[in-house]
Structures are given as C-alpha cells and as structure tokens.
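Each remark here refers to the structure printed beneath this line.
Protein chains: 10
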Amino acid sequence: MLFHIRMDVRLPRDLPDDEAAAILAREKAYSQQLQASGKWRHIWRLAGEYANFSIFDVSGNEELHQILTGLPLFPFMEIEVTPLLRHPSSIRDDDS
Amino acid sequence: MLFHIRMDVRLPRDLPDDEAAAILAREKAYSQQLQASGKWRHIWRLAGEYANFSIFDVSGNEELHQILTGLPLFPFMEIEVTPLLRHPSSIRDDDS
Amino acid sequence: MLFHIRMDVRLPRDLPDDEAAAILAREKAYSQQLQASGKWRHIWRLAGEYANFSIFDVSGNEELHQILTGLPLFPFMEIEVTPLLRHPSSIRDDDS
Amino acid sequence: MLFHIRMDVRLPRDLPDDEAAAILAREKAYSQQLQASGKWRHIWRLAGEYANFSIFDVSGNEELHQILTGLPLFPFMEIEVTPLLRHPSSIRDDDS
Amino acid sequence: MLFHIRMDVRLPRDLPDDEAAAILAREKAYSQQLQASGKWRHIWRLAGEYANFSIFDVSGNEELHQILTGLPLFPFMEIEVTPLLRHPSSIRDDDS
Amino acid sequence: MLFHIRMDVRLPRDLPDDEAAAILAREKAYSQQLQASGKWRHIWRLAGEYANFSIFDVSGNEELHQILTGLPLFPFMEIEVTPLLRHPSSIRDDDS
Amino acid sequence: MLFHIRMDVRLPRDLPDDEAAAILAREKAYSQQLQASGKWRHIWRLAGEYANFSIFDVSGNEELHQILTGLPLFPFMEIEVTPLLRHPSSIRDDDS
Amino acid sequence: MLFHIRMDVRLPRDLPDDEAAAILAREKAYSQQLQASGKWRHIWRLAGEYANFSIFDVSGNEELHQILTGLPLFPFMEIEVTPLLRHPSSIRDDDS
Amino acid sequence: MLFHIRMDVRLPRDLPDDEAAAILAREKAYSQQLQASGKWRHIWRLAGEYANFSIFDVSGNEELHQILTGLPLFPFMEIEVTPLLRHPSSIRDDDS
Amino acid sequence: MLFHIRMDVRLPRDLPDDEAAAILAREKAYSQQLQASGKWRHIWRLAGEYANFSIFDVSGNEELHQILTGLPLFPFMEIEVTPLLRHPSSIRDDDS
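Residue numbers (our numbering), protein chains in the order written: chain A, 1120 to 1215; chain B, 1120 to 1215; chain C, 1120 to 1215; chain D, 1120 to 1215; chain E, 1120 to 1215; chain F, 1120 to 1215; chain G, 1120 to 1215; chain H, 1120 to 1215; chain I, 1120 to 1215; chain J, 1120 to 1215.
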C-alpha cells in the first residue's frame, strides 16, 4: 500500500555538530536499508529546501507509523502523510 | 530534470456530461502518451480526492510549462509545481 | 485498517429540491449499508455544522477511495482523510 | 454528551528524559482510568504524527474541561475541541 | 450549558427582495422567542459586519444543533461553535 | 460602549512557579475589581483551552487599551479586539 | 473616537454598467459629505488594488456601524475594522 | 509619496529592563524627529495591541527603507508596507 | 522607482472566446508598449501557472496605480505589489 | 534556466556580532561572485524588510540547489523557489 510523505527537517542550532553528524549517519543507513527492502520506494530532494518527498510501500498504517517514528531525525521533522492508490490513467506496472 | 506536481481537478457542475467525458478521454490519452515517452514518470491518485501527485522528467521549465498548459483539464485544475533533484541518500538509479 | 474522515457537505442552492431529496436518500441507504457491513465503523454529526466525523475500517487505501468516491454526495463534499492506527494507551478491543 | 478532541503533543527538547518518562507514565494511567470509566470513549493514533483523535462522553463542557486540563501532558499539548451529536444516519447504538 | 457562537450572514445577491425580507422576519421572531425562553442568552452585532456573537444556554450539543439548524438564515450562514464554562475569576451569578 | 475580547494565555515554561502564582493572583484581583465596577461585563472560559471570551463596557478605545495593557498577564497574552453594538433583534436591556 | 478601516470592493461582473455607475456616484457623494463633516477623517487608495484605507472619527461603535452599513457599496465590500487611539509618541494635535 | 505601515513590536522577554528602556527612548526621539520633519505623517496605536498604523510621506522606496531599518526597534518588529496614493474621492488637501 | 508585481489571471469560463481574444490582444500590445518605454522592466511566466512576475520602473505609486488599473486584464487579475530598492550587494547597474 | 527566489533572513539574536559580521561578509562575496558569473541574474531588496527577490539563471534544479544551500546565510533563511520561463509578451532579449 502506497503513501506519499513530505518530510521537513529542522535541526536546532544548539545541537552539537558531532551529535548532528551521528544522527544524520544513522538516518542515511536507516533510509538506505528501507530503500533496499523496497518499503521506501522513492525519495527526492526539494530544490532549495532541507526537505524530501518520499513514496512508501508498506503493509498498512501501522507499519508506516513504525517506520516514520523510527527515523533518527523524527524528533526534528515535520511530517505530512497522504495515502495513495494506483491512478486509473497510469501505465506503469510499478506505480501500484 | 525532475518536477513534483500536484493537480486538483474541479469540474464545474454545469459542464455538460458529454463535454466532460470528451475532455476526460483526451486527458487520459494525453497523459498516457507522455507516460509512454518517459516525460510523465509517475502518477498516483490521492485517496478520497479528485487529485494526483505526479513526477515529470523534462528538459526544463519551458517544456514543463508546455506540457502542463497543454493538459485538456488545465482550465479546471489547480496546479502546484515543486522542482526536485536526486536525494543524497537515494540508492535507486531511476530517482534522478 | 482505520481511517478518520471529515466530510463537509455543500449543497448548491440551485439544486432542485426533489433532486436533493433523492441524493440524500441514496446517501443514507449507502451509508447504512456500509455501517451494517462494519466498514463504516462510526459516524457523528458536528454540532451546528452540515458535516460529520467518521471512522472507516477497510482493507486499504484502494477500498477507502472506492467507498468515498461512491458516496452519492461526493460531488458536493469536501473530504479530509487521516490514516489511523491503534493508540498504545487504548484499552478497547474495538479501537484497532 | 460527546466531544471530538484532537491532541498534538510537543515535548520540549530540554525536558529531562526521566521527567518526560514520568509524565508519560502518569498520562497513560490517567487515560486508561478514564477509558475504563467510559468517559474517554475512543482514542486513535494518527499515522506518522505524535497526535491522537479521541471521543469523550461526559456530562458537559465543565467536566470536559476538568478532564482535559487535568491531563499530565496538558502543558505540552495543542488541543482542539468539537462538540458532537448522534448522526441521523447512524445505526450504531453506541454512537450517541 | 453555555456555547459561544459566531454567525456570519451571506445573503446571495439573486435572492428576491421579498423572499429575503420574509426570511429575515422569521429569523427575528425565531431569535426573540429563544431569547425570551432564556436559551439564547446574549446577542451582539459586530461593528461594520453582517455578523453576530451570541451566547446560548442549552441542555447540550443536541439541543444546540437543533436550534442552530432551525435558524431561517441557516442556509446562508457560516457558524462557528465554541463550548464555554464558568471562568474561575467570574463574579457574576449569571455567567454560568 | 461594548467590546468583545478573546484572550489566549501562554505562560513561558521557564517562568518560576512563585512568579507565575503572583501574577495570576494579581490578574484575578484586577479582573474582579473591573467586573465589580461594571467595566468587565462578562468572562467565560473556553472548554479545553487556557483562554477566555470577555465583554467589556467602557467609555471608548482609549479606556479599553488602558485596561487591557494593564492586565498583569498582558505580556503573556494574545489579544483579539472586536467592537460590538446592540443587535437589532436583541430583547435584553443589558446587551447594549 | 478613531477607527482604522480597510475596504475592498468586489463589483460582480454581471452588475449592469449604469447600475454600477449610479452606485459609485452615490458612494462618492456619501463619502465626501462624511469627509466634509469631519467623521471620515482620511481616505487613501492602495496602489494596484480596488481598495482603500480610511480613518473615521465617530462617537462610537454604533455610529461607525451606521455609517459603514450605509455605504452604497456596502453589499459589495469586505470591511475590516480596527479601533485606534492616540499613540504616546505622536506630536500631531489631530491624530487623536 | 505615501506609504501605509503596520508595525508590531515583540520585545524578547530576556531583554534587560534598562536596555529595553534605552531602546524605547531612542525610538520615541527618532519617531518624533521624523514627525516634526513631516516624513512620518501620522501614527496611531491599535487598541489592545503593542502595534501602530503609520503613514509616511517620503521621496520613495529607498528613503522609506532607510527610515524603517533605522528604527531602534527594527530588530524587534514585524513590518508590513503598503504603497498608497490619493483617493479619487478625497476632499482633503493633505491626503496626497 | 522599482516595484515587484505578481499577477494571477482568472478568466471567467463564460467570457466569450472572441471577447477573451480581444482583451488578450489589447493586453499584449499594452504590455509591449510599456516594456518598450522602459516602465515595464521585466516580465516572466511562472511554470505551470497563468501568472507572471514583473518588475516596473515608474515615477512612484501614482503612476504604478495608473498603469496597473489600465491593464485590459485588470478586472480578471489578482495583483500583489511589493516596493523594491537597490540591494546593497548588487553589482548590476540596471538593478536600481 | 530561470528561477525566482525569495529569501527572508532571520538572524538569531544570540548570534555574536563578529560571527554575524563574518557570515555577512562571506555572503556578500559569494553573491557578487555568482552575479559576476551571470548565474545570479538579479537581486533586489524589499522595502522595509530583511529580504530579497532574486532571479537565478542556472543549468537546472541541481545547480540551483547547490548554489542556495551553499549560501553562508542558508541556515538563517527561509527560501521560496519558483521556476520561471520566458513570457510570451516579453520583448527583452535577456528575459529568457
């Protein structure tokens, strides 16, 4: 089941540099593992913003919530969730 | 070059049924031709709404504008454009 | 899988009375059939507004979309969808 | 009398971990006691957010206010209150 | 039980004058009867606007909804409902 | 002359408890003195919020400003002012 | 007593030209008479908009309401009212 | 050339009292000098708010910017600029 | 003196095609004459929208207003005006 | 390819003066180098605000993102990106 997620990152200015670096490294590993598993289907950067649009393919709301709240950056993010489905005009096999 | 587009359709209530049907048929053909060409990379329906999220892969702003204003439904749509780029954590070849 | 839906009804003033009555009767039958089937889990009226909050229990985004766009009042509604899950503090068996 | 409540939790970053844990434990106990009493009728988590939708069944505005301002997390919450009533299409005995 | 209501009236321009006059007369009679009964506790006009702030004292959400949707101007109003209670600093007997 | 005021209180978390208690005690005394004088005509609590709706009856904008900026909680409040007048449908002597 | 008013005019497209011209002529006469009387203290056009900022000097909310709702353009305006008072830094005799 | 300015002051709570007093004294002197010169044409306080509406008469955008950014309170203000011109219905010599 | 203008065009659906074409032709001629004169310094289309960002170089607010309200499309536009000045970091002779 | 950017600067009050001065000096050098290269085509100050409108001419979204996130002030800015293209009515060679 597909979900469209927008994530906006707001790192507090007083977060120590090494702590920030450690969180970002964990975030990257976490994201790439989920991409490899097929659950984090797409991720794009928004030009000029510390934000991404992502597509998740998960078993349902419960799994989506576990994945999102497990993000190392979760405490520093605003997250917007939109449930998706196959578009009737789509011709791609992998858009559903 | 990638763009994220949200389209919300608002068909006026006094649009005659056959006129609406003809526009929707032209819209579907137009969309599928662009999908086949690779320019309209993805399209998903938002659950419960007459709207879609799409990803376009075009040569630039000029081509994007020609495609969007050429949509048969363009006069009945609200369109929101966000320029995208490859995310540094992405592991997919086709997300850039 | 649970979804929280807010529906706001806006009947156009020039909708003939008998047409409106017919739509509302179909809407009520449609809603009660879905309630009986267990898919439309709850529905409440908002005090002073022509609106409701509802809880749906469906197999996923796809089924939710089919149900919502099938509402006889769908063309006259604003709909807001929020995916839900069981709350960790819940003690009710039927809130998941 | 029924009320729909949305609660968004915003824990300040400088709240010590043990203080946060103690508040959350008190919050859970407080919530479950009210659920057991029937006053906190439903509670659901919003997917991807530190927030819940709840339904309260109380004697009136006064009792609702006492319950909400008594929440251990009250100082860290944004709360939105909507008075509800039985929907004329409802077929459930316990939605009023 | 007390409720604070804001009502904004938007009469459509194509409403015939005599029809508008009849609705306004019924609205005034309806309002004054409810004021006389004590259920519509206060009503004030907002300077420069076709709007009012009102205080209702009713048995609960259900009665409030019946009263508001029974307003002859209801189809032409935007209504905003806020549940109230006695303020701990109040010294007036009749503010609760 | 009548004014409708909405006050939302936002006490900063680092305000020492005794300082907060002292401000709140001064606020209550200030409010009750103005209520006794007839200038602060009504005050109600909003259910679930640290906020009130109030009605002031003062000689004009100047006096209203002196009273509001004199509130001990003024530095911690958001205030919204709406000038009122007697509603043409009102039947109460004391709503003007 | 002083009030700051913003007026935005929205003439409907189907208002016949001669009717519009008659309303605008009445509006101008009405405004100039009130300016001559001293009650409509200032009026300025906003560059690029069909709107004005005005300052009124009236006996109170009641008179302000009578003047504003008496504007020939009142049914076609959005009006925003802000009560003013003399600023403590003002050196002009006529800004109070 | 005329400009309408709204200024909202937000003094941070941790600004030492004597520093705040010094800034406010400089602000008052700065404002009154510009009023005396005719460049700061009007200033009014908004009832119940730490804010003012002002009218400036300057040679153009450049001078307006120099004056506004030179305000001692500039770092603590939100400023909203609206270019004005003489209203065609104005009868006052000094409203242009 | 420089101004930044955003114009959003909303042609009503019931505007006859030949009337629309005539307005658009007059608009284009009007715009190009002002561009040739140097008063309409820049104009760009927003990708995917029936809108433009423009830079005007005029003698002041008065002339700006005459130009904007003289646009053949003015009755069908939303216009947003922002006064500009030379940026202290600019190295271009023609950005002031 | 052209982009319209709005940048709003919010320097935190606790940023040491010399650190701020160093960042601003680096920002100016960075901006002027990009202006000299032709990539930062225009920059204007908004009157009364710590903000600018800029036009960039870059190879695409990727280069735009590298430039914007490389701004020394990037951590202290809100940035809004709008893709542009040549307007069909433009007569300037250098507006595309």
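Using N, Cα and C, we set each Cβ at its ideal position, and we do this for glycine too.
Legend entry - Candidates D:PHE1175, D:GLN1152, D:ALA1139, D:ARG1132, of which the one nearest ASP1213 (chain D) by Cα: Sequence index remark: in the fourth sequence, residue 1213 (chain D) carries index 94 (1-based). When each option's Cα is compared against that of ASP1213 (chain D), the closest is D:PHE1175.
Inset, instruction - Flag LEU1121 (chain D) as yes if its beta-carbon sits less than 8 Å from any beta-carbon of chain C, otherwise no. - result: Here residue 1121 (chain D) refers to the residue found at position 2 of the fourth sequence. Yes, its Cβ sits closer than 8 Å to a Cβ of chain C.
Legend entry - ALA1166 (chain C) and VAL1200 (chain E) closer than 8 Å at C-beta: By one-based count along the third sequence, residue 1166 (chain C) stands at place 47. By one-based count along the fifth sequence, residue 1200 (chain E) stands at place 81. Yes, the Cβ-Cβ distance between ALA1166 (chain C) and VAL1200 (chain E) is below 8 Å.
Inset, instruction - Just confirm the distance between the C-beta atoms of TRP1163 (chain J) and HIS1123 (chain I), as a whole number of angstroms; I'd bet it's less than 8 Å. - result: As a working note, residue 1163 (chain J) is residue 44 in the tenth sequence. As a working note, residue 1123 (chain I) is residue 4 in the ninth sequence. The Cβ separation is near 7 Å, so the contact holds.
Legend entry - Under 8 Å between C-beta atoms of SER1208 (chain B) and SER1150 (chain A): For the purposes of this step, residue 1208 (chain B) is taken as the residue at position 89 of the second sequence. For the purposes of this step, residue 1150 (chain A) is taken as the residue at position 31 of the first sequence. At a Cβ-Cβ threshold of 8 Å, SER1208 (chain B) and SER1150 (chain A) count as neighbours.
Legend entry - Own chain, CB closer than 8 Å to PHE1189 (chain J), minus 5 neighbours either side, in chain order: Here residue 1189 (chain J) refers to the residue found at position 70 of the tenth sequence. Here the sequence assigns Gly to residue 1189 (chain J), which means Phe is not the residue at that position. Taken in chain order, the residues that qualify are TYR1149.
Legend entry - Proximity test, Cβ basis, 8 Å: ASN1171 (chain E) and chain C: To locate residue 1171 (chain E), count along the fifth sequence from 1; it is residue 52. Not closer than 8 Å to any Cβ of chain C, the Cβ of ASN1171 (chain E) fails to qualify, so no.
Inset, instruction - Return the chain-ordered list of same chain residues with a C-beta closer than 7 Å to the C-beta of LEU1203 (chain D), the five sequence neighbours on each side being excluded. - result: Within the fourth sequence, numbered from 1, the residue matching residue 1203 (chain D) stands at position 84. Cβ within range, chain order: LEU1121, PHE1122, HIS1123.
Inset, instruction - Keeping to the same chain, check which residues put their C-beta closer than 8 Å to that of GLU1146 (chain D); ignore five residues upstream and five downstream. - result: As a working note, residue 1146 (chain D) is residue 27 in the fourth sequence. Counting only Cβ-Cβ distances below 8 Å, and skipping sequence neighbours, we find LEU1190, PRO1191, LEU1192.
Legend entry - Cβ distance (whole Å) where GLY1269 (chain C) is taken to contact GLY1179 (chain A) below 8 Å: No answer is possible for residue 1269 (chain C): it lies beyond the span of chain C, which begins at 1120 and ends at 1215.
Inset, instruction - Taking 8 Å as the cut-off, decide whether the C-beta atoms of ILE1198 (chain H) and GLU1197 (chain J) are in contact. - result: The sequence position of residue 1198 (chain H) within the eighth sequence is 79, counting from 1. The sequence position of residue 1197 (chain J) within the tenth sequence is 78, counting from 1. No.
Inset, instruction - Compare the C-beta of GLY1167 (chain D) against all C-beta atoms of chain A and say whether one is closer than 8 Å. - result: Your numbering for residue 1167 (chain D) matches position 48 in the fourth sequence. Yes, contact with chain A.
Legend entry - 8 Å Cβ cut-off: residues of chain F touching LEU1183 (chain D): For the purposes of this step, residue 1183 (chain D) is identified with residue 64 of the fourth sequence, where counting begins at 1. Those within 8 Å of LEU1183 (chain D) in chain F are ALA1166, GLY1167.
Legend entry - Test: ARG1205 (chain I) CB closer than 8 Å to a CB of chain J: Position 86 of the ninth sequence, counted from the start, is the residue given in the question as residue 1205 (chain I). For ARG1205 (chain I), the answer is yes, since a Cβ of chain J falls inside 8 Å of its Cβ.
Inset, instruction - Taking only the alpha-carbon atoms, compute the straight-line gap between PRO1205 (chain B) and SER1173 (chain B) and give it to the nearest angstrom. - result: The residue you call residue 1205 (chain B) lines up with position 86 of the second sequence. The residue you call residue 1173 (chain B) lines up with position 54 of the second sequence. Per the sequence presented here, residue 1205 (chain B) reads as Arg, with Pro not at that position. Spanning the two alpha carbons is a distance of roughly 16 Å.
Legend entry - Reference LEU1143 (chain C); option with closest CA among C:VAL1128, C:HIS1184, C:GLU1181: Within the third sequence, residue 1143 (chain C) is the residue found at index 24, counting from 1. Taking only the C-alpha atoms, the option nearest LEU1143 (chain C) is C:VAL1128.
Legend entry - ARG1145 (chain B) beta carbon near the ligand FAD (any heavy atom closer than 7 Å): Among the components of this structure there are no ligands whatsoever, and the ligand FAD is therefore not found.
Legend entry - Distance CB(HIS1161 (chain H))-CB(ARG1211 (chain G)) smaller than 8 Å: To locate residue 1161 (chain H), count along the eighth sequence from 1; it is residue 42. To locate residue 1211 (chain G), count along the seventh sequence from 1; it is residue 92. In contact: HIS1161 (chain H) and ARG1211 (chain G) (Cβ atoms closer than 8 Å).
Legend entry - Inside the region 1149-1184 of chain E only - beta strand (DSSP E) runs reaching at least 3 residues: 1159-1165, 1170-1176
Legend entry - Distance between beta carbons of LEU1130 (chain A) and ALA1139 (chain A), contact taken as under 8 Å: As a working note, residue 1139 (chain A) is residue 20 in the first sequence. As a working note, residue 1130 (chain A) is residue 11 in the first sequence. Contact holds; Cβ gap of about 6 Å.
Inset, instruction - Would you mind reading off the limits of the beta strand (DSSP E) that contains LEU1204 (chain H)? - result: For the purposes of this step, residue 1204 (chain H) is taken as the residue at position 85 of the eighth sequence. Segment 1196-1205, the beta strand (DSSP E) holding LEU1204 (chain H).
Legend entry - Alpha-carbon to alpha-carbon, PRO1194 (chain C) and ALA1141 (chain A): As a working mapping, residue 1141 (chain A) is identified with position 22 in the first sequence. As a working mapping, residue 1194 (chain C) is identified with position 75 in the third sequence. Roughly 50 Å between the two C-alpha positions.
Legend entry - Closest residue to GLU1181 (chain F) among G:GLN1185, G:ILE1186, G:SER1215 (Cα-Cα distance): Locating residue 1181 (chain F) in the sixth sequence gives position 62, where the first residue counts as 1. That would be G:SER1215, whose Cα lies nearest to the Cα of GLU1181 (chain F).
Legend entry - PHE1122 (chain G) - partner residues in DSSP beta bridges: For the purposes of this step, residue 1122 (chain G) is taken as residue 3 along the seventh sequence, with counting starting at 1. In DSSP, PHE1122 (chain G) forms a bridge with G:PHE1175, G:PRO1202.
Legend entry - Simplified DSSP assignment, three categories, for ASP1127 (chain A): Within the first sequence, the letter at position 8 stands for residue 1127 (chain A). It is a strand residue.
Legend entry - Residue-chain proximity (ARG1160 (chain E), chain G), Cβ-Cβ < 8 Å: Taking the fifth sequence and counting its residues from 1, one reaches residue 1160 (chain E) at position 41. By this cut-off, ARG1160 (chain E) is not an interface position.
Inset, instruction - Express the C-alpha separation of LEU1187 (chain D) and ILE1186 (chain E) in angstroms, rounding to a whole number. - result: Indexing the fifth sequence from 1 puts residue 1186 (chain E) at position 67. Indexing the fourth sequence from 1 puts residue 1187 (chain D) at position 68. Going from the Cα of ILE1186 (chain E) to the Cα of LEU1187 (chain D) covers about 27 Å.
Inset, instruction - Helix, strand or coil for ARG1132 (chain B), going by three-state DSSP, please let me know. - result: Residue mapping note: residue 1132 (chain B) aligns to position 13 of the second sequence, counting from 1. ARG1132 (chain B) falls in the coil class under three-state DSSP.
Inset, instruction - Kindly say whether LEU1143 (chain H), judged by its beta-carbon, lies nearer than 8 Å to any beta-carbon of chain J. - result: For the purposes of this step, residue 1143 (chain H) is taken as the residue at position 24 of the eighth sequence. LEU1143 (chain H) does not count as touching chain J.
Legend entry - LEU1192 (chain A), DSSP secondary structure in three states: Here residue 1192 (chain A) refers to the residue found at position 73 when the first sequence is read from its first residue. Three-state DSSP puts LEU1192 (chain A) in coil, outside helix and strand.
Legend entry - Three-way DSSP call (helix, strand, coil) for ILE1142 (chain D) in this model: Here the question's residue 1142 (chain D) lines up with position 23 in the fourth sequence. Three-state result, ILE1142 (chain D): helix.
Inset, instruction - Say whether chain E places a C-beta atom closer than 8 Å to the C-beta of ASP1212 (chain F). - result: Walking along the sixth sequence from the start, residue 1212 (chain F) turns up at place 93. Judged by the 8 Å Cβ criterion, ASP1212 (chain F) is not in contact with chain E.
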